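Let me begin by presenting the structure, written as structure tokens, before commenting on it.
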Amino acid sequence: MLKTDGLIKRYGTLTAVDGVSFSATAGEVLGFLGPNGAGKSTTMRMIAGFVTPTAGTASICGHDIQSDPIAAKRQLGYLPEGAPGYGEMTVEGFLRFVADLRGLTRERRVARLRDVTARLQLADVAGQTLDTLSKGFRRRVGLAQSILHDPPVLILDEPTDGLDPNQKHEVRALIAEMARNKLVVISTHILEEVDAVCTRAIIIARGRIVADETPQGLAAQSRYHRAISLRLQDSADTERVRSALATLPGVSTIEASADDGRITVFPVRDQELAPVVNRALEQMGLRLRSLAIEAGRLDDVFRRITT
Amino acid sequence: MNHIRSIFRRELASYFGTPLAYVFVLIFLVAASAMAFQLGRLFERGQADLQPFFTFHPWLYLLLVPAVAMRLWAEERRSGTIELLLTQPITLWQAVMGKFLAAWAFIGIALALTFPIWITIDYLGDPDNGAIAAAYFGSFLMAGGFLAVGSCMSALTRNQVVAFVLAVAMCLVLLLIGYPAVLDAVSGWAPRLLTDTLASLSFYTHFESLQKGVIDLRDVLFYLLLSGFFLSATCVVLDARRGDV
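Protein chains in written order, with the numbering used here: chain A, 1 to 307; chain B, 308 to 552.
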């Protein structure tokens, strides 16, 4: 459905995007991750037909963005970074304008406007101008604009930026629902978002793809993957526990946090630690406040591969 | 065609969505009348025509048309809406035309609102109304030329003030190269071909007969071609600067 082939964008001597190739199909929620300035937005802009690639190309539902841009854009819903809109227009007027450009027939427009307005809870502000809206509402108007024509491919540049936690939750639910029969590509630098909605994560750094994995697969690369974190009832026992656990087979290192007394036991690569640690603690007769097996931390992986 | 109409409608409505439009129309009317009556002595010269009114239009447009044109693309770039517009399934040409036609219609509205002057002259004397209608047409055509230049300058920058200054400078050149004083200065050393070429590229030269109500196909073609050229240039500039937001 979406295929990019060696996308490159140079600005003078600066290479913003340096050979990005991937393909994705309906049902996926593809998360674009990367530090600021890594080339996420530029890549999305090239796919959306706003920025012309220096080299390489992309195609949307089989339509090449360079040789057949109009057909490609028809298949695409796009939310630009910062959700721009015409400030002096009302929400309704703005959405009607986009519906016109999208070539929606009158009946379809009425039906879609009703549907989208309800989904994004815009009914109350339909008559307000965009300039008077809060950041959260503006973002939702931008989202409404992008899904108005019910496109098979959606590209959303930071769709939840500036939303409060409730709104974030709603937008993520909307994305998950739409992904049932569409391809959704979102960019974000919020890692919890990847966990929450994405089925696949592509990490970009310095214009190149440095990881292309499921969120679980990424987390598994973390040194926290399968680590055991525990807290003791009595923190005075920390040192004793530490030295006891260090001798166990399969344990590589142990870290104890001075702040909250949390002890983290890191395994030698992919070792199952829970049974041995549990047994050792039982033998020592210690009481635990909590014990958890960690899946791995995305921020840890993110930092390691982007710096 | 539908896309041009959608953009046209949105743009035109957006002019009247801000106080700017009303301020502009007011200034336009005051300036147009002041020039006609004070500088042109419309009444005192005792002739029933509107020539003193039309003769100052190039100068009126020199400042006022760039003021309308400056926001065409610079504002889209500044606010980021250009990204929204150019990722819709429309061609650059449709976007450029839609916006241009809206601004042109807006100036047309301002021009049409000078009708009381015409009515006054018609009431006081017996003017050649056909010639006046033709001169209105010519003036509107010339406004389109100024506007196309302004559209191109606006596409070059995200700063409206820069767009305004560039457009005024460009229009001033296109206006002055037809003035006898300038042509005389040039003809002293330049070959005749150059002088003629300069004169034939000027707004002034091609407005001389139009303002008298004489519609010469060559003048009409000049303004249409000039507008077409600068609108195409607008497309080229926008395409080349697509990603620079």
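The beta carbon of each residue, even a glycine, is placed where N, CA and C say it ideally should be. Bear in mind the structure is a predicted one, so any value in this text is a computation, not a measurement.
Notebook entry, point to check: Is the Cβ of THR362(B) closer than 8 Å to any Cβ of chain A?
Noted result: Sequence index remark: in the second sequence, residue 362(B) carries index 55 (1-based). By this cut-off, THR362(B) is not an interface position.
Next item on the list: Have a look at LYS168(A), THR253(A) and THR25(A) and flag the residue whose alpha-carbon is nearest the alpha-carbon of GLN271(A).
Entry: For this step, residue 271(A) is matched to residue 271 along the first sequence. Looking at the Cα atoms, THR253(A) is the closest of the given residues.
Next item on the list: For VAL527(B), collect the residues of the same chain with a Cβ closer than 7 Å to its Cβ; drop the 5 residues on either side in sequence, then sort them by chain order.
Entry: Along the second sequence, read from residue 1 onward, the residue named residue 527(B) stands at position 220. Closer than 7 Å at the Cβ level, and outside the excluded window around VAL527(B), lie LEU448.
Check: If you check the beta carbons only, do PRO80(A) and ASP157(A) fall under 8 Å apart?
Finding: Here residue 80(A) refers to the residue found at position 80 of the first sequence. Here residue 157(A) refers to the residue found at position 157 of the first sequence. It is a contact, given that the beta carbons lie within the stated cut-off.
Checklist line | Contact the stretch 355 to 366 of chain B vs the stretch 430 to 437 of chain B: 3+ CB pairs below 8 Å | finding: yes
Check: Which full runs of the alpha helix (DSSP H) of 4+ residues lie inside the stretch 332 to 413 of chain B, going along the chain?
Finding: 358 to 361, 364 to 376, 378 to 386 and 388 to 393
Next item on the list: Check distances from the C-beta atoms of the stretch 41 to 58 of chain A to those of chain B and list, in chain order, the residues that come in under 7 Å.
Entry: ARG45, ALA48, GLY49, PHE50, VAL51 and THR52
Next item on the list: Would you kindly work out how many angstroms separate the C-alpha atoms of SER458(B) and THR394(B), rounded to a whole number?
Entry: Here residue 458(B) refers to the residue found at position 151 of the second sequence. Here residue 394(B) refers to the residue found at position 87 of the second sequence. If I take the Cα positions, the gap works out to 20 Å.
Next item on the list: Write down the C-beta distance between ALA335(B) and PHE344(B) rounded to the nearest angstrom, noting that I regard them as a contact closer than 8 Å.
Entry: One-based indexing of the second sequence puts residue 335(B) at position 28. One-based indexing of the second sequence puts residue 344(B) at position 37. The question names Ala, yet the displayed sequence has Phe at residue 335(B). Going by Cβ atoms, the distance from PHE335(B) to PHE344(B) rounds to 15 Å, so no, they are not a contact pair.
Item checked: Rounded C-alpha distance that separates SER340(B) from GLY142(A) -> Translated into the one-based positions of the second sequence, residue 340(B) becomes position 33. Translated into the one-based positions of the first sequence, residue 142(A) becomes position 142. For SER340(B) and GLY142(A), the distance between alpha carbons rounds to 45 Å.
Checklist line | chain A contact residues for THR388(B), given Cβ-Cβ distances below 7 Å | finding: Numbered from its first residue, the second sequence carries residue 388(B) at position 81. Correct list: PRO84, GLY85 and TYR86.
Next item on the list: Check THR188(A) in the structure and name its three-state DSSP category.
Entry: As a position in the first sequence, residue 188(A) is number 188, starting the count at 1. Strand at THR188(A).
Margin query: So that I know if they touch, is there some Cβ in chain B lying closer than 8 Å to that of GLY103(A)?
Written below: In the first sequence, the residue the question calls residue 103(A) occupies position 103. Answer yes: the Cβ-Cβ gap between GLY103(A) and chain B drops below 8 Å somewhere.
Next item on the list: For the beta strand (DSSP E) holding PRO53(A), just list the boundary residues, first then last.
Entry: Taking the first residue of the first sequence as position 1, residue 53(A) is located at position 53. Careful: PRO53(A) lies outside any beta strand (DSSP E) and carries neither H nor E.
Item checked: Run of the beta strand (DSSP E) containing SER534(B), from where it starts to where it stops -> Residue numbering aside, residue 534(B) sits at position 227 when the second sequence is read from its first letter. First-last for SER534(B): 524 to 547, but that is the alpha helix (DSSP H), not the beta strand (DSSP E).
Note to self: Using only CA atoms, which one of GLN401(B), GLY405(B), HIS310(B) and THR421(B) lies nearest to HIS364(B)?
What the structure shows: Numbered from its first residue, the second sequence carries residue 364(B) at position 57. The shortest C-alpha separation from HIS364(B) is found at THR421(B).
Item checked: Proximal residues to TRP425(B) (C-beta, below 7 Å), its chain only, five neighbours per side dropped -> Here the question's residue 425(B) lines up with position 118 in the second sequence. Closer than 7 Å at the Cβ level, and outside the excluded window around TRP425(B), lie LEU357 and ILE439.
Next item on the list: With a cut-off of 8 Å on the beta carbons, I'd call GLY19(A) and GLY6(A) a contact; round off their distance for me.
Entry: What you label residue 19(A) is simply residue 19 of the first sequence in a count that begins at 1. What you label residue 6(A) is simply residue 6 of the first sequence in a count that begins at 1. Yes, they are in contact, since the Cβ atoms of GLY19(A) and GLY6(A) sit about 5 Å apart, within 8 Å.
Notebook entry, point to check: So is TYR322(B) buried or exposed if we call it buried at 16+ other beta carbons inside 10 Å?
Noted result: Taking the first residue of the second sequence as position 1, residue 322(B) is located at position 15. Classification for TYR322(B): buried.
Notebook entry, point to check: Counting along the chain, where does the alpha helix (DSSP H) carrying TYR443(B) start and finish?
Noted result: Here residue 443(B) refers to the residue found at position 136 of the second sequence. Segment 436 to 462, the alpha helix (DSSP H) holding TYR443(B).
Margin query: Quick test of your reading: LEU183(A) and ALA24(A), contact by CB under 8 Å. State the CB separation rounded to the nearest angstrom.
Written below: Translated into positions along the first sequence, residue 183(A) becomes position 183. Translated into positions along the first sequence, residue 24(A) becomes position 24. Right, their Cβ atoms sit about 5 Å apart.
Check: Thinking C-beta only, is GLY296(A) closer than 8 Å to VAL268(A)?
Finding: Within the first sequence, the letter at position 268 stands for residue 268(A). Within the first sequence, the letter at position 296 stands for residue 296(A). Their beta carbons are not under 8 Å apart, which means VAL268(A) does not touch GLY296(A) by this criterion.
Check: Any contact of the stretch 167 to 176 of chain A with the stretch 71 to 90 of chain A, i.e. 3+ C-beta pairs under 8 Å?
Finding: no
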